[in-house]
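Notes to accompany the following structure.
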Amino acid sequence: MVGEVLADRYEVEELVGAGGMSSVYRAHDRLLERKVALKVMHQHFVDDPEYVERFRREARSVAALQHPNVVTVIDRGEQGNRQFIVFEYIEGENLKQLIDRRGPAPVATALELAIQIGQALSFAHQQGLIHRDVKPQNILLNGDGRAKVTDFGIARSIEVQHGVTQTGTVLGTSDYIAPEQAQGQQVDEQTDIYSLGVVLFEMLTGSVPFPGDSFVAVAMRHINEPPPRVRDVRPDVSMRVEAVVQRAMAKSPSDRFPTMAAFCAEMSSCLAELQSGATEVIAAPVQPRRVRTSRNSSAWPVVLALVALIIAGAVAGWIVLHRNGTFGGGGNPSSPLNSTVHLQGVTAYDPFGDKHEHDADAHLATDASSSTYWETEHYHSSLASIGKQGVGLVIDAGSSLRLKELGIATATPGFHAQIEAGDSATGPFDTTVSPNEIVTTQKVFNLTMSSQHRYFLIWITQLPPGGQARINDVTASG
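Everything in the sequence shown is counted per our numbering, starting at -15 for the first residue and increasing by one.
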């Protein structure tokens, strides 16, 4: 394949991965002058109508999933008897490679990534699609902290009753397979919830919950054995986070979270609790281990000294993470800025609607509590489709000044926003001081200001999955 040109457009450059059904290549798109990922079906499947239909269905399914945490389908085609799909090219590594390289993740990082993955899957579920092969190998990391779900090759419609790959056929990867899937039963949203629970377990502990030597051996453990406790391997994880993993990995689908959105909401609450200091702060990826201590009371001075060293290390690691990002360096800080500027949320800004958007709750975005928030109205379609360029929250800095950074904490990551500045709480805000970017759970905007302004507008131009954006906390430095 390397050196060939498909469809007179895609020049194959390098093999970057291979699976049971297809191989993935990096290719050069001669028409648009960019790198793309080219997924090509293995030749020994091309004469099997079932596999060809599954491959084509993947292209159709993923093409309908326009989400910031789903790898985008660009094109599909065939040349001769070769079937191929063209995806956006993600420069980076997959989550499995990162876990193997770095070991257990900081708790906050594990939750942030799991939330992003969950939001992508929740969006797919809303479109009627179940992934069925959620695993770290199918999560690509683009280097700035964003996870992208890929490989919907064995995905299927929730509504399908007859067709390709129905009850009785076991597909998936055994390390992450749900009990009902391992038994060839009907799958639904809870199947992906279980698999994401396994992925979260692995991010927190550095290993899968049910290792084994064969597909059957591992699958039987998923069916018969209760999930291991995260805290047995990593005692520093909070009981609430452990409970989230246990519920997601419940044997019976009815005992799991009712929806992927509910799973994400509970993880977001755990993350907010962790970042507020109500639970532990994990300094850096560590391989936890059990330590036996003597019952002799004379050992207490040594124990206290060790505790002091651990606390000091945690504080130092927390500072490093805030400066350099998390889980492999780079990216956005793991929490908002320590504010050196007193901010006050004063009102919402809705010039293209009824002029109101939960105005009375604006102050909750700056009350230093992650459990309170300002939020937009709930929209059932995109802002653009109803004639709105955006909607936003107005922040008062108290006096005219130049801000360097503005941080946002949100329980609804995935919306697009930019920061604008003005001299009146009612506008106009005609000075854009930051790029338009996707807001993650914790996002810091770097501001470029040539003059001083008192009022700042968090201008939301695209809503997150679910149709409602929430701002829990805003901080800034001058």
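Backbone N, C-alpha and C define an ideal beta-carbon position, used for all residues, glycine too.
Everything numeric in this text was worked out from a predicted model, so none of it was measured.
Inset, instruction - Compute the beta-carbon to beta-carbon distance between T350 and V182, rounded to the nearest angstrom, for a pair I have assumed lies under 8 Å. - result: The beta carbons of T350 and V182 sit about 38 Å from each other, so the pair does not count as a contact at 8 Å.
Alpha carbon of Q446 to alpha carbon of R205, nearest angstrom:
Cα to Cα, Q446 sits roughly 43 Å from R205.
**Message:** Do F68 and V55 have their beta-carbon atoms positioned less than 8 Å apart in this structure?
**Reply:** It is not a contact, given that the beta carbons lie outside the stated cut-off.
Inspect the beta-carbon positions of N53 and I101 and report whether they are closer than 8 Å. A contact, by the Cβ cut-off of 8 Å.
What's the C-alpha gap between V57 and E42?
-> Roughly 10 Å between the two C-alpha positions.
message = Please report the straight-line C-alpha distance between E164 and V171, rounded to a whole angstrom.
response = Looking at the backbone, the Cα of E164 and that of V171 are separated by about 7 Å.
Would you kindly check if the distance between the Cβ of Y333 and the Cβ of G451 is under 8 Å? Going by C-beta atoms, G451 is not nearer than 8 Å to Y333.
CA nearest to the CA of R454, picked from Q373, T356 and T410
When only C-alpha atoms are compared, the closest one is T356.
- Task: Measure the Cβ-Cβ separation of V375 and A409 and say whether it is below 8 Å.
- Result: No, these two residues do not count as a Cβ contact at 8 Å.
Review point. If you draw a straight line from the C-alpha of E96 to the C-alpha of G112, how long is it?
Key: Their backbone Cα atoms lie some 25 Å apart in a straight line.
| query | Does DSSP classify F185 as helix, strand or coil? | reply | The answer is helix: DSSP assigns F185 an H, G or I state.
Exercise. In three-state DSSP terms, what is M223?
Worked result: M223 falls in the helix class under three-state DSSP.
Checklist entry - So, is L255 buried or exposed, given that buried needs 16 or more other C-beta atoms within 10 angstroms? => result Counting Cβ neighbours within 10 Å, L255 comes out buried, since at least 16 surround it.
| task | Identify the continuous alpha helix (DSSP H) that holds H109 and give its terminal residues. | result | Run containing H109: V91 to Q110, per the alpha helix (DSSP H) assignment.
> What's the C-alpha gap between G398 and I422?
Replying inline: So the two alpha carbons sit approximately 6 Å from each other.
Shortest alpha-carbon distance to G391 belongs to which of L49, N78, E37 and S461? The alpha carbon of G391 has as its nearest neighbour, out of L49, N78, E37 and S461, the alpha carbon of S461.
Subject >> Distance between G76 and G1 (C-alpha atoms, nearest Å) >> reply: If you take the alpha carbons of G1 and G76, they lie about 13 Å apart.
| To which residues of the same chain is K19 closer than 7 Å at the C-beta, ignoring the five residues directly before and after it? | Excluding positions up to five away in sequence, the list reads R10, H12 and Y73.
Point to revise | Cβ shell of S7 (< 8 Å), same chain only, five flanking positions each side left out | key: M(-15), L(-1), G1, K23, V24 and H26.
Check your understanding: With DSSP run on the structure shown, which of helix, strand or coil describes S253?
Key -> Looking at S253 - three-state DSSP - the assignment turns out to be helix.
How many angstroms separate the CA atom of F413 from the CA atom of H51?
-> About 29 Å.
Need the endpoints of the beta strand (DSSP E) that D59 sits in, please. Note, D59: beta strand (DSSP E), V57 to Q63.
**OP:** For T175, name the three-state secondary structure that DSSP assigns.
**Re:** T175 falls in the helix class under three-state DSSP.
How many angstroms separate the CA atom of L105 from the CA atom of S384? Rounded to whole angstroms, the separation of the alpha carbons of S384 and L105 is 43 Å.
Label P120 either buried or exposed according to how many other C-beta atoms from any shown protein chain fall within 10 Å of its C-beta, with 16 as the threshold for buried.
Buried, because 16 or more other Cβ atoms sit within 10 Å of the Cβ of P120.
| request: Could you tell me which residues DSSP puts in a beta bridge with Q402? | output: Residue pairing by DSSP places Q402 opposite W443 in a beta bridge.
In the DSSP assignment, what residue or residues form a beta bridge with Y9?
Beta-bridge pairing links Y9 to L(-1) and L22.
Along the alpha helix (DSSP H) that carries E389, what are the first and last residues, could you check? Where E389 is concerned, there is no enclosing alpha helix (DSSP H), although the beta strand (DSSP E) it sits in stretches over E389 to A393.
Roughly how many angstroms lie between the CA atoms of E37 and S179, to the nearest whole one? E37 and S179: Cα-Cα distance of roughly 25 Å.
Q: Compute the beta-carbon to beta-carbon distance between F185 and V229, rounded to the nearest angstrom, for a pair I have assumed lies under 8 Å.
A: Contact holds; Cβ gap of about 5 Å.
_So for N456, helix, strand or coil by DSSP?_
In the three-state reduction of the DSSP assignment, N456 falls in the coil class.
Requested in this report: Give a yes or no on whether the minimum CB-CB distance between I161 and chain D is below 8 Å.
Outcome: Within the model displayed, chain D is absent; a lone protein chain is all it includes.
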